[in-house]
Structure formats: structure tokens, C-alpha cells
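So the first sequence is numbered by my numbering: it starts at 130 and just counts up by one.
Using N, Cα and C, we set each Cβ at its ideal position, and we do this for glycine too.
Read the structure below first, then the notes.
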Amino acid sequence: MRALTHLRSLLGSILEKKGAAWPDKATIEPPKDKQFGDMACNVAMLTAGKLGMKPRDLAEELKKDLLAADPALSKVEVAGPGFLNVTFAPAFWQKTVEEVLEVKQCFGKFNLGRGRKVQVEFVSANPTGPLHIGHGRGAAVGDCVARILRAMDYEVSTEYYINDAGRQMRLLGESIWVRCLELLKKPVAYPEDWYKGEYIIDLARELLTLKGSALCDLPPAEGQDICYEYGMKSILAGIQKDLADFRVEHQVWFSEKSLVAAGAVERTLEDLKSRGLAYEEEGAAWMDTTRYGDDKNRVLRKSTGELTYFASDIAYHADKYARGFNTVVDIWGADHHGYVPRMKAAVQALGRDADDLKVILVQLVNLLRGGEQIAMSTRAGQFETLSDVCAEVGVDAARFMFLSRKSDSHLDFDLDLVKQQSMDNPVYYVQYAHARICSLFAKAAERGVAMPECSQALLAQLDTPEDLDLMRLMEQYPDTLANAAQTLSPHVVSFYLRELAGLLHRYYSANPVLAAPDEDLMRARMLMLAAVGEVVRSGLELLGVSAPEKM
RNA sequence: GCGCCCGUAGCUCAGUGGAUAGAGCGCCGGACUACGAAUCCGUAGGCCGCAGGUUCAAAUCCUGCCGGGCGCACCA
């Protein structure tokens with residue numbers, strides 16, 4: 130971070146003196162190949178044309194100015210078509226250790242968001258059955274995005290939208306109802322598309338114990354209502370428990386029904402109409418979403434008089450913005466991607482920018498056991514629940530697995546692999562790095578070696594390539610978090626952690642700490658590893674994965 | 001038919017304009033009387049789906065095609 134911002138401002142002012150602005154496309158980044166130094170910049174190639182110069186000539190001038198501007202730069206080279214390859218003196222990187230040890234868990238987190246209010250809405254599964262593993266992925270991604278944004282000084286609220294107003298809920302009531310009738314050996318007419326899972330029978334049994342068999346003598350509509358009410362509450366309580374066990378917290382549970390009851394949906398519809406964005410046609414109310422780029426207009430109220438899901442969703446998002454959120458993040462299953470353009474259109478109709486709504490699409494999870502796919506369907510009652518999976522592989526392993534892929538790519542979740550303690554399952558690799566460091570300090574304490582005071586003189590000994598690799602990577606942690614926050618990509622953090630853990634393990638096996646050649650070197654290494662431990666713990670915390678001291 | 005996503009090493013995946021395209025797993029070969037071997041070191045493995053185009057530079061951007069997934073409701 131310091132390396133990047135520092136170079137950026139040095140080069141920026143040098144260019145300014147030459148009469149050129151910093152181009153948007155210019156980058157400063159660690160090059161893939163270490164032989165090109167610590168940081169590489171392409172600005173000369175992008176700016177040379179504007180100044181009427183050859184890229185390499187401009188790069189040579191920049192090189193001179195850079196070296197004159199800052200003695201912390203130990204080397205600047207012009208390479209290839211005009212890259213500027215910059216190498217910092219070791220002292221520059223050593224400062225990172227000092228900084229980490231000073232601010233500890235705050236390292237890497239800075240005020241990127243400047244307190245902007247963001248809502249993250251996720252999971253939001255219909256309470257018609259327990260959460261399955263696909264919901265688990267959405268839960269992990271949403272929770273992790275929220276943690277990352279919070280760390281970067283966004284004011285985040287997490288929310289679960291309960292779809293308790295629609296047809297699915299009615300079906301839930303009917304499904305429990307017919308199971309009640311079955312249990313009492315009464316004649317049963319089965320509804321279409323009903324929920325056939327075992328858990329529905331359990332709910333029916335509980336309800337009969339609670340209310341007695343008289344329940345089934347009620348008129349069906351009334352009985353089904355009771356069934357629905359009981360079923361939803363009970364299932365929702367189960368969902369809340371599963372999420373809590375999964376270390377996922379929603380601050381707000383928002384009921385669709387409450388929105389309808391308050392008349393918010395009707396009001397939104399009227400508002401759109403009065404502004405010419407909605408109209409009546411063929412007995413239905415439509416919204417003109419095409420004017421905002423959707424490929425056709427969408428129904429808000431069906432000719433039956435019933436409101437569509439889309440209508441209440443618009444009202445819901447209007448409510449979100451009315452609550453003062455600058456940005457709203459929705460996390461949806463990727464099978465809903467066709468819904469994005471109309472929702473973006475709705476957001477614009479509400480007078481917001483299309484970018485005030487960010488949709489993260491989470492691809493479905495392919496659940497495997499020993500390489501064989503396990504079929505899933507909530508309605509057929511055939512699935513692996515999130516809680517079963519967590520019980521089998523552990524919350525840490527499950528979360529890490531969910532967060533170690535781009536969210537819009539398919540995820541193979543092989544139960545046997547995730548249980549295994551191999552590199553196919555990197556959660557242990559990262560945790561082990563943390564545990565190793567902890568146990569090193571435990572051993573030090575055993576031998577009466579105290580954690581040394583941090584000083585530049587001690588750190589000055591850390592100048593081997595392995596030392597510098599480790600310190601450079603720690604220095605990139607803030608950049609990594611910024612990238613993860615800006616692109617809403619939790620996997621960036623888990624990839625970073627794997628890399629950092631890899632360097633740590635490599636370092637550890639090649640460089641004895643407590644048995645270092647001399648005491649000062651031992652102290653210096655202790656300081657650096659303490660810093661690495663802090664960063665690993667911080668990253669795991671953002672993923673919601675524990676950082677054990679022993680394994 | 002139209003739209004969106006994906007196609008990178010045997011496998012699982014990073015990399016979205018930069019230099020000789022990376023990591024892990026798997027394969028093969030090494031390292032513990034050692035601060036923890038859940039680890040490390042080494043070898044091998046690639047027309048980045050195909051074909052054009054844009055430019056100093058393309059896995060990355062544009063166009064077309066092929067292959068896979070998902071959508072295309074007065075469902076949610």
C-alpha cells in the first residue's frame with residue numbers, strides 16, 4: 130500500500146511538471162517476475178505519445194527524477210518497451226513489520242468507504258424448508274463481503290428478506306395440512322407442486338401434538354392458515370439457528386408481508402404511474418422497464434388483481450434507499466441473472482443510479498461425495514442441509530471452500546475432499562501457518578525468550594530474498610483488501626492467505642528462528658513472524674474462519 | 001431463436017491490456033534423533049476452445065464460430 134501510493138504520488142508530481150496528467154489506465158503493480166524489481170509501472174508507455182516522446186526516452190527521464198526524489202528507492206530500471214522497474218531498499222519493507230506490530234489487527238484496513246452506508250442482502254431463502262448447501266455458499270459470500278466492507282470503513286447493514294407473502298408460503302401451509310390429514314388417516318387431496326420432505330411430516334406431527342386432532346376438523350382454509358403460520362415460524366427459527374451456527378449474522382429480518390400490509394407496494398405502483406413509468410394494459414399494470422434497457426416491459430399487477438413479486442421487490446428496494454443506503458448489494462443465485470436488468474431498471478425508475486444496486490450472482494454448488502454428484506431438490510425433499518454438511522466437514526472448512534472460488538463460477542464441493550486434510554483443502558494449510566507461529570512463540574516462552582521490542586536496528590537484519598518476499602507480501606495486504614472490497618470479491622482474500630501461508634511455510638522450513646545463528650537475528654525473525662501471524666489471523670477473521678493456536 | 005455466464009497444465013482453479021501465462025492437487029524423485037512433516041525441496045506437464053480484428057503490447061478488448069451451464073412468465 131505504501132509502496133503503491135508512494136510511487137503513485139512521486140510519479141504523479143513528476144509527470145505534472147512535464148505537463149502530463151496521470152492516465153487512468155496506468156498501473157503500478159508487483160511484476161510477475163521478481164527480476165523486474167518490486168514494483169513495475171507502465172506509465173511511460175501510455176504517456177510518451179502525448180508528450181511527443183519515445184516511451185523509453187520518457188522512462189529514462191522518469192527514472193532520473195525518481196532516483197533524485199527519494200533515497201528509499203534503491204534501484205530504478207527501464208526495461209522492455211518502456212517499463213519502469215522500481216526496487217525499494219530493504220528498510221522500506223522492514224517498516225511494514227513495524228507497522229503491523231504497532232496497529233495489529235487494524236493493519237490493512239483503511240477508510241476506503243469513508244463511512245458510506247451499504248446494505249448487503251443475502252440468503253433470503255423462502256422459509257419453506259431448511260437451508261441447503263447452495264444457500265450456504267450465498268451465506269458465506271454475503272457475510273464475508275459484509276465483513277470486508279466493514280473493515281474498509283463502510284457502514285454496513287446485513288439483511289434477510291423473508292418472502293412470506295406469496296404462493297410458496299401458501300403451498301407450505303397446504304403441504305403441512307395434508308400431512309396432518311394423513312397422520313389422522315383422513316382422506317387427502319394432494320395439491321400440485323407440494324413440499325414432500327420428511328421435515329414437513331415432522332412439522333405436522335408437532336402441530337397435531339400442540340393443537341390436537343381437532344385441528345383437522347377446521348375448514349381447510351383456516352386449518353391451512355394455522356399450518357402455514359406454524360410451519361413458517363418453525364422453519365425460520367431453524368434457518369436462524371443454522372445461520373448462527375455458520376457464523377452468519379443478519380442484523381435485519383425484513384418481512385415481505387409487512388411491506389404489503391403497510392400498503393408500500395400499492396404506493397410504489399401509484400408513484401410509478403404518476404410519473405409515467407407504469408401503465409395499464411390488457412387488465413394488468415405494467416412497468417416501462419425497456420426505457421432503462423430491459424428487453425421487454427414487466428407486469429406489476431396481474432389481471433387477476435394480484436401483485437407480482439417484481440412489484441413488491443421494487444417497493445422493497447425503494448424502502449432500502451429510503452433508509453439511507455448509498456449502495457445496495459443483492460446476492461442472488463445465478464439462475465436469477467435474467468432478473469438483473471429489470472431490477473436495475475426499477476432502481477433507475479426510483480431515481481437512483483444503476484450502480485447503486487450491485488448484484489453478486491452466486492453459482493450453484495455441485496455437491497459431490499467421492500466424485501459422485503448428489504442430486505438436490507427442496508420440493509422433492511431431497512438435499513443435503515447446510516447443518517448436516519457443517520456437522521460433517523466443519524464450519525471452517527465449509528466456509529473456506531465456499532470462499533475460495535469466484536462467486537460466479539461453478540463450485541464442486543466434494544464432501545470427502547473437504548473433510549480431508551490435504552492441499553485440496555487449503556483451509557488447514559492457512560490455519561496451520563497460524564498455529565505454527567503460535568506454537569513457535571509458545572516454545573519461546575517455554576525457553577524463557579520474551580517477545581523483543583521492535584526496533585529498526587533489529588529489523589535491518591532481515592534482508593535475504595526470503596525475508597523480503599514475506600515482507601513485500603504483507604505490504605500488499607491493504608491493496609488486497611481494497612481490491613476485494615471494490616470488486617466485492619471475497620475469494621481475493623482467500624487466495625492471498627494461501628500465498629502468504631505458502632511463503633511462511635517455506636520460510637519456516639529454511640530459516641530456524643529460535644535456533645538462529647545469533648540472538649539478534651532470532652529476535653528479528655520473531656518480530657517478522659509475529660507480524661505474519663497478525664496478518665494471517667486478520668485475513669481469516671474476514672473470511673469468518675477461526676485461527677487456531679493449536680491443531 | 002434471443003440474452004447472460006463459462007471454456008487456461010491430467011484435475012480444481014487464479015490471472016480481465018503489459019515482459020518468458022501462474023498456484024495447488026495428482027504423477028515421479030528427495031528431506032524429520034529438527035522452533036509442529038497438516039510442512040518443505042526438486043522434475044515433468046500449455047497453439048489460454050477456434051478464426052479474424054483493434055495496438056507499441058491480447059488469455060484479457062471487438063466480431064464470428066464451436067462446446068458447456070443458466071435464463072427468456074400476468075412464477076417466486
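Per-residue burial, residue i [other beta carbons within 10 Å of its own, 16 or more giving buried]
i      : result
LYS193 : exposed
ASN240 : exposed
ALA451 : exposed
THR593 : exposed
SER142 : exposed
MET655 : buried
HIS264 : buried
MET174 : buried
LEU479 : buried
TRP382 : exposed
SER536 : buried
GLN234 : exposed
ARG296 : exposed
SER533 : buried
HIS539 : exposed
ASP525 : buried
GLY181 : exposed
GLY326 : buried
ARG635 : exposed
Which residues DSSP lists as bridging residue i, in chain order
i      : result
VAL381 : GLU288
ARG430 : ALA414, LEU436
GLN248 : SER286, VAL457
ILE157 : CYS170
ALA275 : None; ALA275 has no bridge partner.
GLY462 : VAL491
THR216 : LYS204
ALA407 : MET416
THR514 : HIS261
PHE239 : According to DSSP, PHE239 bridges with nothing at all.
LEU486 : VAL457
LEU597 : DSSP lists no partner for LEU597.
Integer Cβ distance of residue i from residue j, believed to fall under 8 Å
i      : j      : result
LEU569 : VAL661 : With 8 Å as the limit, LEU569 and VAL661 do not qualify as a contact, their Cβ atoms being about 11 Å apart.
ARG427 : ALA413 : The Cβ separation is near 10 Å, so there is no contact.
THR225 : MET600 : 5 Å
TYR558 : ALA630 : 5 Å
LEU591 : GLN223 : 6 Å
ASP272 : VAL377 : 4 Å
ALA653 : LEU610 : With 8 Å as the limit, ALA653 and LEU610 do not qualify as a contact, their Cβ atoms being about 26 Å apart.
TYR625 : ARG565 : Rounded, the Cβ-Cβ distance is 18 Å, inconsistent with contact.
ASP541 : LEU497 : 6 Å
ALA562 : VAL674 : Contact doesn't hold; Cβ gap of about 12 Å is too wide.
GLU700 : GLY166 : Residue 700 is absent from the structure shown; the chain starts at 130 and stops at 680.
ASP423 : ARG471 : 5 Å
Collapsed DSSP secondary structure at residue i in the structure displayed
i      : result
ILE305 : helix
MET174 : helix
ARG498 : strand
MET657 : helix
HIS261 : strand
THR616 : helix
PHE542 : strand
LEU629 : helix
SER675 : coil
VAL232 : helix
TYR557 : helix
GLN590 : coil
ASP346 : helix
GLY467 : helix
HIS267 : The sequence given here has Gly at residue 267, not His. Helix at GLY267.
MET651 : helix
TYR421 : helix
Check: residue i C-beta below 6 Å from any heavy atom of the ligand ATP
i      : result
HIS261 : By its list of ligands, the structure shown contains no ligand whatsoever, and the ligand ATP lies outside what it can speak to.
- Message: Does the structure place the stretch 286-297 close enough to the stretch 237-255 that three or more beta carbon pairs sit under 8 Å?
- Response: yes
- Decide yes or no for the touch test of the stretch 213-222 against the stretch 260-270: beta carbon pairs closer than 8 Å, at least 3 of them. no
- State whether the stretch 313-321 contacts the stretch 206-216, with contact taken as three or more CB pairs (one from each stretch) at a distance under 8 Å. no
- Message: With a threshold of 8 Å, are at least 3 pairs of Cβ atoms found where one atom belongs to the stretch 299-306 and the other to the stretch 355-362?
- Response: yes
- Item | Sufficient close CB pairs (3 or more, under 8 Å) joining the stretch 618-628 to the stretch 271-280 | yes
- Item | Segment contact flag, the stretch 456-467 with the stretch 477-492, C-beta cutoff 8 Å, min 3 pairs | yes
- Message: Taking contact to mean 3 or more Cβ pairs, one atom from each stretch, closer than 8 Å, check whether the stretch 435-444 and the stretch 383-402 are in contact.
- Response: yes
- Item | Segment contact, 8 Å Cβ cut-off, at least three pairs: the stretch 326-339 with the stretch 473-481 | no
- Message: Three Cβ pairs or more, each shorter than 8 Å: is that satisfied between the stretch 339-351 and the stretch 362-372?
- Response: no
- Task: Pair every Cβ in the stretch 131-147 with every Cβ in the stretch 191-210, then say whether three or more of these pairs are closer than 8 Å.
- Result: yes
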